[in-house]
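Participant: Reminder that position 67 of the sequence shown reads as 67 in the UniProt record's numbering, one-by-one numbering, no gaps.
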Amino acid sequence: MPPKKLQSADYHVAWIAPVSSLELLPSRLMLDEHDASDYDTAYDDNVYTCGAIAGHNVVIATCAPGMTGNVNAGRVTGRRLGFSTMGIRPLDLALEPPIQPVSQASSGTATPSLG
């Protein structure tokens, strides 16, 4: 079956994977379907992968190659907040207890050991 071609309004789930070298491949493997949606991304350098998981249209957004860190991860999400979130109430969210991450990418500064 050929990939679907949807409009941006058809996607209701955004998956943010800011460290593309670590998170993009596992994220793409989670997709049940891959979409062939083309978007004009002249306004940013992010990389978008579109698909579906369990019937939900999902767009995976990653930073441009070589752009990692908290600031660049924030830039991926910042432009996506153009829709109104005022209709979301606290009881609408399903919260899970925190778990240990499968992998942790740390790109902080190295300090010499004082020993």
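The C-beta atom is built at its ideal place from N, Cα and C for all residues, glycine as well.
1) Check the DSSP bridge columns for residue 57 and list the partner residues they point to.
2) Per DSSP, residue 47 forms a beta bridge with which residues?
3) Compare the beta carbon distance of residue 59 and residue 48 with 8 Å and say whether it is the shorter of the two.
4) On the DSSP bridge assignment, give the partners of residue 14 in chain order.
5) Which partner residues of residue 23 appear in the DSSP bridge assignment?
6) Within a Cβ cutoff of 7 Å, which residues of the same chain sit near residue 53, ignoring the five residues on either side of it in sequence?
7) I'd like to know if residue 64 contacts chain D, where contact means its C-beta is closer than 8 Å to some C-beta of that chain.
Facilitator: Working from what's here:
1) The count along the sequence shown starts at 1 and reaches residue 57 at position 57. Within the DSSP bridge table, the entry for residue 57 names 52 as partners.
2) The residue given as residue 47 occupies position 47 in the sequence shown. The partner list for residue 47 (beta bridge, DSSP) reads 62.
3) Position 59 of the sequence shown, counted from the first residue, corresponds to residue 59. Position 48 of the sequence shown, counted from the first residue, corresponds to residue 48. In this structure, residue 59 sits near residue 48, with a CB-CB distance shorter than 8 Å.
4) As a first step, residue 14 is located in the sequence shown; it is residue number 14 there, counting from the start. Paired residues: 59.
5) For the purposes of this step, residue 23 is taken as residue 23 along the sequence shown, with counting starting at 1. DSSP lists no partner for residue 23.
6) To locate residue 53, count along the sequence shown from 1; it is residue 53. Closer than 7 Å at the Cβ level, and outside the excluded window around residue 53, lie 30, 31 and 32.
7) Absent from the structure: chain D. Only one protein chain is present.
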